[in-house]
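Take a look at the structure set out below.
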Amino acid sequence: MLSVDKFLDSAIKEIKEKLTGKGILACSGGQDSTLLAVIANKAAGDRILSVFIDTGLVREGEKERVREIFERYSLNYRIIDASDEFLSALSGITDPERKRKIIGAKFIDVFERVATEFGAETLLQGTIAPDWIESGGSVRDTIKSHHNVGGLPEVMHLKLLEPLRDLYKDEVRMVSEYLKLPSDIQPFPGPGLAVRIIGEVTKEKADTLRKVTSILEEKVREKFPMEVRPWQYFAVLLPVQSTGIHGDKRSYGKTVCIRMIDTNDGMSGTFSKPDWEFLEDVSTSITNEVGEINRVVYDITDKPPATIEWE
Ligand code: XMP
């Protein structure tokens with residue numbers, strides 16, 4: 000069993016010893032990078048810059064949640080609104096792999112700009128044990144180009160520091176709880192909502208999907224305590240319209256698909272089987288609150304054969 004005190008001492012010591020000059024880290028708002036930002040701040044204070052990039056493809060409230068943590072722990076941080084840049088780079092693109100590559104490249108562009116301005120020599124990355132155990136010829140990486148900040152150190156010629164590299168997910172949770180950080184942040188893919196909008200990504204579609212996602216997340220949190228909560232739950236906006244009735248008028252609205260997955264590691268999994276009443280409640284709330292949606296479907300496919308994300 001991990002001793003949280005010992006881990007924190009050694010992580011802080013490692014950063015103090017190895018950090019030369021200034022360091023930068025990309026905080027996605029996820030569990031691992033948020034924890035790292037707080038630990039790095041304890042070790043090196045303002046010599047570290049934590050950066051959150053708003054790609055326009057993040058979830059509702061994500062930026063505010065990250066800002067609140069940055070403020071609460073008095074981090075040296077920057078929140079960059081790059082949503083126009085990302086959305087215009089994605090204009091007209093429908094191929095999932097091209098979307099992923101464009102987002103990865105854009106992310107490096109923006110991050111590199113900030114790192115140069117700050118004069119960073121070191122990149123701190125929230126890699127944890129399953130990340131490197133799974134990488135290196137893993138099936139997953141040949142199926143989708145995973146976007147995280149993996150490509151950054153080579154491109155930017157920065158020294159790499161990975162103080163969380165020996166931790167497993169449950170240990171990250173333990174340390175986060177100890178530091179009074181939120182410990183139930185749902186994993187969210189680097190390319191964000193872009194891989195949950197099938198077809199071209201636009202601001203309007205991202206706004207629609209953000210609303211739906213937020214309704215679903217709230218319903219899941221209300222219904223399932225942490226111990227029985229599906230591992231991941233999200234909505235996908237489909238490029239399909241269908242006929243419906245709105246009031247007493249015909250509508251021709253959009254379709255969202257709800258995906259909920261039970262898995263231990265994301266490598267394989269089964270679709271969650273919530274009760275019908277729960278799904279009905281989700282569907283009714285979505286169609287009531289998001290006018291442009293008139294149909295909600297549920298994904299009943301395991302991984303494999305399907306991947307968790309649709310793209
Ligand atoms: P797939 O769709 O490959 O997803 O079955 C497995 C897990 O990985 C997450 N995922 C990503 N995470 N960058 C990430 O950091 C990505 O590009 C990415 N694509 C998928 C997915 O949400 C699931 O948890």
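In this text, residue positions in the sequence shown follow numbering that gives the first Met the number 0: the first is 0, and each later residue adds one. All C-beta atoms, glycine included, are put in the ideal place defined by N, C-alpha and C. Only a predicted model underlies this, so the values are computations on that prediction, with no experimental measurement involved.
Tell me the rounded alpha-carbon separation between residue i and residue j.
{"i": "Ile-299", "j": "Leu-278", "result": "13 Å"}
{"i": "Leu-311", "j": "Arg-77", "result": "In the structure displayed, the chain extends from 0 to 310; residue 311 sits before or after that span and is not available."}
{"i": "Glu-67", "j": "Leu-74", "result": "10 Å"}
{"i": "Val-3", "j": "Lys-179", "result": "13 Å"}
{"i": "Val-174", "j": "Ser-250", "result": "50 Å"}
{"i": "Asp-130", "j": "Phe-69", "result": "25 Å"}
{"i": "Lys-253", "j": "Ile-285", "result": "11 Å"}
{"i": "Gly-29", "j": "Arg-294", "result": "30 Å"}
{"i": "Met-266", "j": "Lys-168", "result": "14 Å"}
{"i": "Pro-190", "j": "Ile-260", "result": "19 Å"}
{"i": "Leu-1", "j": "Lys-204", "result": "43 Å"}
{"i": "Val-239", "j": "Ile-101", "result": "24 Å"}
{"i": "Phe-106", "j": "Asp-247", "result": "46 Å"}
{"i": "Leu-18", "j": "Ser-182", "result": "27 Å"}
{"i": "Lys-21", "j": "Gly-44", "result": "10 Å"}
{"i": "Arg-139", "j": "Ile-197", "result": "Summary for Arg-139: the model assigns pLDDT 49, below 50, so the residue's position carries little reliability; its value from the coordinates is reported in the next sentence. Taking the straight line joining both Cα atoms gives about 20 Å."}
{"i": "Trp-275", "j": "Leu-7", "result": "44 Å"}
{"i": "Pro-273", "j": "Gln-231", "result": "13 Å"}
{"i": "Val-219", "j": "Met-155", "result": "40 Å"}
{"i": "Lys-98", "j": "Ala-193", "result": "7 Å"}
{"i": "Val-50", "j": "Val-289", "result": "32 Å"}
{"i": "Pro-229", "j": "Glu-221", "result": "13 Å"}
{"i": "Ala-119", "j": "Glu-111", "result": "10 Å"}
{"i": "Ala-42", "j": "Ser-9", "result": "10 Å"}
{"i": "Ser-271", "j": "Lys-15", "result": "44 Å"}
{"i": "Glu-153", "j": "Asp-280", "result": "47 Å"}
{"i": "Pro-188", "j": "Tyr-177", "result": "25 Å"}
{"i": "Asp-83", "j": "Asp-206", "result": "13 Å"}
{"i": "Phe-233", "j": "Leu-208", "result": "10 Å"}
{"i": "Thr-283", "j": "Val-296", "result": "12 Å"}
{"i": "Lys-12", "j": "Cys-26", "result": "21 Å"}
Mind checking which residues open and close the alpha helix (DSSP H) that includes residue i?
{"i": "Ile-107", "result": "95-117"}
{"i": "Ala-10", "result": "3-17"}
{"i": "Ser-241", "result": "Where Ser-241 is concerned, there is no enclosing alpha helix (DSSP H), although the beta strand (DSSP E) it sits in stretches over 231-245."}
{"i": "Ile-38", "result": "30-43"}
{"i": "Arg-71", "result": "61-71"}
{"i": "Leu-278", "result": "275-288"}
{"i": "Leu-56", "result": "Segment: none, Leu-56 is in no alpha helix (DSSP H) and carries neither H nor E."}
{"i": "Ile-184", "result": "That residue, Ile-184, is in no alpha helix (DSSP H); it is neither H nor E in DSSP."}
{"i": "Leu-163", "result": "No alpha helix (DSSP H) holds Leu-163; DSSP gives it neither H nor E."}
{"i": "Leu-215", "result": "202-222"}
State yes or no: is the C-beta of residue i within less than 8 Å of the C-beta of residue j?
{"i": "Leu-24", "j": "Ile-47", "result": "yes"}
{"i": "Lys-143", "j": "Thr-262", "result": "no"}
{"i": "Trp-309", "j": "Val-200", "result": "no"}
{"i": "Ala-39", "j": "Leu-123", "result": "yes"}
{"i": "Val-65", "j": "Ile-127", "result": "no"}
{"i": "Thr-54", "j": "Ala-81", "result": "yes"}
{"i": "Leu-215", "j": "Ile-257", "result": "yes"}
{"i": "Thr-121", "j": "Leu-160", "result": "yes"}
{"i": "Val-113", "j": "Ile-79", "result": "yes"}
{"i": "Ser-213", "j": "Glu-63", "result": "no"}
{"i": "Leu-237", "j": "Val-255", "result": "yes"}
{"i": "Gly-103", "j": "Ser-32", "result": "no"}
Could you pull the start and end residues of the beta strand (DSSP E) that residue i belongs to?
{"i": "Tyr-177", "result": "Unbroken run through Tyr-177 is the alpha helix (DSSP H), 168-177; no beta strand (DSSP E)."}
{"i": "Arg-294", "result": "292-297"}
{"i": "Arg-249", "result": "248-261"}
{"i": "Lys-158", "result": "158-160"}
{"i": "Ile-23", "result": "21-25"}
{"i": "Asp-80", "result": "76-80"}
{"i": "Ile-47", "result": "47-53"}
Is the number of C-beta pairs between the stretch 82-95 and the stretch 222-233 that are closer than 8 Å three or more?
no
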